[in-house]
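Visitor: Supplied in structure tokens, the structure appears directly below.
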Ligand code: GDP
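Numbering (my numbering), first residue to last: 1 to 455.
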């Protein structure tokens, strides 16, 4: 059970050999604890250099840097001490144990960030951005998460809330003091509600794009044996990861790697060549595996060998994936066929008759292929917003939007303003969930449980 009065500590860096390790302490007793185990007086606001001493044995443990932050000027809003040790897992553990023995408790997942939220240092959207930033796999998603951390989503939501609060205050005043305050014009209510409706609608329109940027996508490379799947896998990664041979069935298992497709983080999977009939047991398992990878992917790259032309067996393999799935048809080995292709924005999609032409040998068409994947996944949804929303924000926005729509319909027929105000209040509550003003413990636990210890 977490207790805000406890002083917590954790290792904030990965527990492996490195140049430095960081132990973080937060809470009332932070300064007392460090005084007991540091060989000199710690002065807040400066970098303190000295030794950590085991106060039971007098043994010197490590030469360290101690960074003290006096509340409220710290990440958590409490007294915080960070100890920078040498990056030996043994030393880091020993110092952590010493801190624990001297009165701290081990922090639970995300507890430092949770305290920062509970002490109003950041709102909930910023706390979530900390996690997004840690987990970002491309520079684009990292940049958007950093924007959220600096408060762009918070400001967007707060601006909307302020306008709704202002109109709600006017309605309430005219209802409470009808003799002194005039009824609010319906046109004014409609203008505020219309503005909020438009803004939320726009954010939700980009929800899919936000989800793709936050969570990434899975791309499967499919096709008959020897069409050039492993070669394309290597070409997209720009390394030799998959084994390339001209022996059918070389790739018996699926191999995956992460790549950046124009800012989208993608897991690229090279499936085993799919062929039925006279194949051994191991290859059969590989083929089954490939089918399930294809089913779970967001987009399938359907390859056929350009030097042989499209075969019936190719079409059979392509038909293994659901027709609803996004697919790109790719003709390989352009260096043999000599075919050329200008990159066309894929409005009509790529068909087996109008495929993307590539050569993994010369890298011909590889950049075009990346652009086509990006377009197929995000299409015209690409937007220039400076923030990201997650599923929780989107759910809250949808709830707020439905109340705003009800309030707007009521205002259009000049319904009693008392009734209109009920839905404005509900919309405000839903928007408050994003910043965490209105949020229950269960939701908080769910959010902070996905953090690592020490963050
Ligand atoms: P997979 O079985 O579909 O994974 O196919 P591989 O990538 O292992 O390639 C099968 C054979 O085709 C190998 O001999 C490759 O060197 C050859 N190959 C693959 N891509 C190209 C290409 O772009 N040009 C040429 N000339 N040969 C290729």
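Don't be surprised by glycine CBs; every beta carbon is placed ideally from N, CA and C.
1) Leaving aside the five residues before and after residue 213 along the sequence, list all residues of the same chain whose C-beta is less than 6 Å from its C-beta, in chain order.
2) Report the start-end ranges of each alpha helix (DSSP H) in the segment 168-248 that is 4 residues or longer and not cut off at the edges.
3) Consider the C-beta atom of residue 336 and the heavy atoms of ligand 1; say whether any pair is separated by less than 7 Å.
4) Using 8 Å as the cut-off, can you tell me whether the segment 223-231 makes contact with the segment 299-315, which would need three or more C-beta pairs spanning the two stretches below that distance?
5) Measuring CB to CB, does residue 403 end up less than 8 Å from residue 418?
6) Consult DSSP for residue 338 and reduce its assignment to one of helix, strand or coil.
7) Expressed to the nearest angstrom, what Euclidean distance is found between the alpha-carbon atoms of residue 38 and residue 6?
8) If I measure Cβ to Cβ from residue 309 and keep anything under 7 Å in the same chain, skipping five residues before and after, which residues do I get?
9) So what does DSSP say about residue 69, is it helix, strand or coil?
10) Hey, is the segment 175-190 in contact with the segment 260-270, meaning 3+ C-beta pairs nearer than 8 Å?
11) Could you tell me whether any non-hydrogen atom of ligand 1 is closer than 7 Å to the CB of residue 68?
12) What's the C-alpha gap between residue 421 and residue 370?
13) What first and last residue would you give for the beta strand (DSSP E) that runs through residue 310?
14) Between residue 88 and residue 18, what straight-line distance do the alpha-carbon atoms span, to the nearest angstrom?
15) By the three-class DSSP mapping on this structure, what secondary structure does residue 103 have?
16) Can you look up residue 423 in the DSSP assignment and give me helix, strand or coil?
17) Could you have a look at residue 251 and say whether DSSP puts it in helix, strand or coil?
18) With a threshold of 7 Å, establish whether the CB of residue 223 neighbours any heavy atom of ligand 1.
19) Helix, strand or coil, according to DSSP, for residue 83 in the structure here?
20) Check residue 75 in the structure and name its three-state DSSP category.
21) Any idea what DSSP makes of residue 40, helix, strand or coil?
22) Since residue 10 is in the alpha helix (DSSP H), which residue starts that stretch and which ends it?
23) In terms of residue numbering, what span does the beta strand (DSSP E) encompassing residue 326 cover?
24) Examine ligand 1 and report whether any of its heavy atoms sits within less than 7 Å of the Cβ of residue 206.
25) So, residue 31 versus residue 75, is the Cβ gap smaller than 8 Å?
26) Locate the beta strand (DSSP E) running through residue 19, then write down its first and last residues.
27) Name the two residues that bound the continuous alpha helix (DSSP H) containing residue 359.
28) Could you pull the start and end residues of the beta strand (DSSP E) that residue 267 belongs to?
29) In chain order, what residues of the same chain have a beta carbon less than 8 Å from the beta carbon of residue 449, not counting five sequence neighbours either side?
30) Using only the alpha-carbon positions, how far apart do residue 393 and residue 58 sit?
31) Name the one or two DSSP bridge partners that residue 258 has.
32) Where do the ends of the beta strand (DSSP E) carrying residue 413 lie?
33) Please classify residue 194: is it buried, with 16 or more other beta-carbons within 10 angstroms of its beta-carbon, or exposed?
Guide: Let's see:
1) Around residue 213: 141.
2) If we require 4 residues or more, the alpha helix (DSSP H) runs fully inside the segment 168-248 come out as 186-205, 207-215, 229-237.
3) Indeed, a heavy atom of ligand 1 lies less than 7 Å from the Cβ.
4) Result yes; three or more Cβ-Cβ pairs closer than 8 Å.
5) It is not a contact, given that the beta carbons lie outside the stated cut-off.
6) Three-state DSSP puts residue 338 in coil, outside helix and strand.
7) If I take the Cα positions, the gap works out to 21 Å.
8) Answer for residue 309: no residue qualifies.
9) In the structure shown, residue 69 sits in a strand (DSSP, three-state: E or B).
10) With a cut-off of 8 Å, the segment 260-270 and the segment 175-190 do not count as touching, because too few Cβ pairs lie within range.
11) No.
12) Residue 421 and residue 370 have their C-alpha atoms roughly 50 Å apart.
13) Careful: residue 310 lies outside any beta strand (DSSP E) and carries neither H nor E.
14) About 7 Å.
15) Three-state result, residue 103: coil.
16) The answer is helix: DSSP assigns residue 423 an H, G or I state.
17) Here the model assigns residue 251 a pLDDT of 49, short of 50, so the residue's position is not dependable, and the following value carries that caveat. DSSP places residue 251 in the coil class of the three-state scheme, outside both helix and strand.
18) Correct: residue 223 has its Cβ closer than 7 Å to ligand 1.
19) Of the three classes helix, strand and coil, the one that applies to residue 83 here is strand, per DSSP.
20) If DSSP states are grouped into helix, strand and coil, residue 75 belongs with coil.
21) Residue state, collapsed to three classes: coil.
22) For residue 10, there is no enclosing alpha helix (DSSP H); the residue is part of the beta strand (DSSP E) that begins and ends at 8-11.
23) First-last of the beta strand (DSSP E) with residue 326: 326-332.
24) No; taking the cut-off as 7 Å, the Cβ of residue 206 has no heavy atom of ligand 1 nearer than that.
25) Their beta carbons are not under 8 Å apart, which means residue 31 does not touch residue 75 by this criterion.
26) For residue 19, the enclosing beta strand (DSSP E) starts and ends at 18-26.
27) Taken as a continuous stretch (DSSP letters only), residue 359 belongs to no alpha helix (DSSP H), as it is neither H nor E.
28) 264-270 is the extent of the beta strand (DSSP E) around residue 267.
29) The beta carbon of residue 449 sits closer than 8 Å to the beta carbons of 109, 110 from its chain, once the five residues preceding and following it are set aside; these are given in chain order.
30) Going by the C-alpha atoms only, they are around 52 Å apart.
31) Among the bridge pairs identified by DSSP, residue 258 is matched with 267.
32) The continuous stretches of beta strand (DSSP E) do not include residue 413, and DSSP gives it neither H nor E.
33) With fewer than 16 neighbouring CB atoms inside 10 Å of its own CB, residue 194 falls in the exposed class.
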